[in-house]
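What the sequence shown shows, in our numbering, is residues 106 to 378, in sequence order. Some notes on the structure that comes next.
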Amino acid sequence: MRRWLAGFAGVALAGWTAAPATALVILSGDGAGNTTAPPEDPGWRHVGHRADGNKQSVVYLGAGWVLTARHIGPGDVVLDGATRAWRPGSAQRLGNEDGSPADLVLFRLREELPLSALPIRATPPVPGDPVLLLGRGRQRTAPTTWRGLRGFQLGTAGYLRWGTNVVERTGVTVPGPGTHTRGFLTTFSEAGATAHEAQAAPGDSGGPVFVRTGLTWELAGLAHAAAGAAGQPPDVVLFGAQTFASDLSRYKPQIDALVSSATAPGAPGRVQR
């Protein structure tokens with residue numbers, strides 16, 4: 106199993122810098138591939154982005170509902186090739202067992218899309234579980250070395266991209282501005298890398314993280330944060346970096362309750378087809 110690297114610290118929220126939201130960092134090929142749905146597609150068409158300039162990711166759950174990171178927030182989105190208007194006043198911010206806010210927000214569109222509902226994982230992932238990440242953060246460019254750590258410089262391209270990894274650690278807390286979120290993490294490794302080893306980069310906030318159970322991929326979390334070596338340049342990604350994702354199994358009861366109550370026949374504000 107790949108280890109948490111001592112000396113890697115300083116969690117920084119993905120997408121909180123001024124860098125443009127671009128694409129996921131992947132190790133395979135030249136880093137510019139994987140811009141179409143993966144062979145085992147868990148929900149490529151369900152992934153969109155905010156319609157404003159930052160283009161940070163959102164995930165369509167079904168029945169008109171969209172999930173994203175709270176620090177991204179609700180708004181009009183681009184999904185399945187078109188701009189979709191949201192319903193102002195529909196935003197529901199998710200919380201933790203102690204009543205504190207999590208970095209998750211659920212909101213509704215004015216229309217329902219002809220997409221199936223995404224299955225949300227009901228139990229926490231375990232270390233070693235296969236992971237599939239989708240995101241729009243900055244892609245890698247030229248190889249680089251910083252203080253003996255190998256990695257890549259970051260470029261700017263605006264494509265949805267997918268990559269792979271494995272769950273490294275569970276039961277972690279993802280800190281944020283005024284929030285903390287129950288989650289898990291993956292590590293960007295060179296030795297023992299997965300086929301399309303991936304790491305979140307600036308702009309990847311809100312991107313879905315799927316975990317495979319048997320033959321089925323389930324939505325296990327969203328990407329919220331990335332950790333790198335203390336003091337490293339902001340425009341590089343180094344091996345040993347970590348992606349922090351929310352554990353949606355911890356918030357699934359809230360999501361299910363909100364979706365079922367708001368979409369029940371006769372419920373006020375129900376989105377009609």
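Yeah, the Cβ is synthetic: ideal placement off N, Cα and C, and Gly gets one too. Here the structure is a predicted model, which means the values were calculated and not measured.
query, result
"With a threshold of 16 other CB atoms inside 10 Å of the CB of residue 157, please say whether the residue is buried or exposed.", "exposed"
"Could you check the C-alpha separation between residue 218 and residue 245 for me, to the nearest Å?", "33 Å"
"My guess is that residue 341 and residue 258 are in contact by the Cβ rule of under 8 Å, so how many angstroms apart are they, rounded?", "6 Å"
"Ends of the beta strand (DSSP E) at residue 323?", "321 to 334"
"From the DSSP output, which residues share a beta bridge with residue 153?", "163"
"Measuring only the C-alpha atoms, how far is residue 241 from residue 301?", "16 Å"
"By the three-class DSSP mapping on this structure, what secondary structure does residue 360 have?", "helix"
"Going by the CB atoms, is the gap between residue 268 and residue 238 shorter than 8 Å?", "yes"
"Enumerate in chain order the residues of its own chain whose CB-to-CB distance from residue 344 is below 8 Å, with the five nearest sequence positions on each side excluded.", "254, 255, 256, 293, 294, 295"
"Report the CB separation of residue 223 from residue 151 in whole angstroms; it is logged as a contact under 8 Å.", "6 Å"
"What is the C-beta distance between residue 352 and residue 325, in whole angstroms, given that I count them as a contact (C-beta under 8 Å)?", "7 Å"
"According to DSSP, residue 197 sits in a beta bridge with which residue or residues?", "211"
"Considering Cα atoms alone, identify which of 195, 215, 200, 203 is closest to residue 189.", "215"
"Based on the DSSP secondary-structure assignment, which residues constitute the bridge partners of residue 235?", "271"
"As a quick exercise: from 167, 283, 307, 365, pick the residue whose alpha carbon is nearest that of residue 338.", "307"
"Counting along the chain, where does the beta strand (DSSP E) carrying residue 254 start and finish?", "254 to 259"
"Count the other CB atoms within 10 Å of the CB of residue 276; is the residue buried (16 or more) or exposed (fewer)?", "exposed"
"Quick one: what's got a C-beta closer than 7 Å to residue 107's C-beta in the same chain, skipping five residues either side?", "In this prediction, residue 107 scores a pLDDT of 37, lower than 50, which makes its location untrustworthy; the coordinate-derived value is nonetheless stated afterwards. Contacts found: 273, 292, 294, 297."
"Leaving out five residues on either side along the sequence, give the residues of the same chain with a beta carbon under 7 Å from the beta carbon of residue 303.", "129, 130, 131, 238, 268, 269, 270"
"Use the C-beta contact count for residue 234: other C-beta atoms within 10 angstroms, 16 or more gives buried, fewer gives exposed.", "buried"
"In angstroms with no decimal places, state the Cα-to-Cα distance between residue 212 and residue 282.", "20 Å"
"May I ask you to report which of helix, strand or coil DSSP gives residue 365?", "helix"
"So, helix, strand or coil for residue 353, using DSSP?", "helix"
"Return the CA-CA distance between residue 195 and residue 141, expressed in angstroms with no decimal places.", "31 Å"
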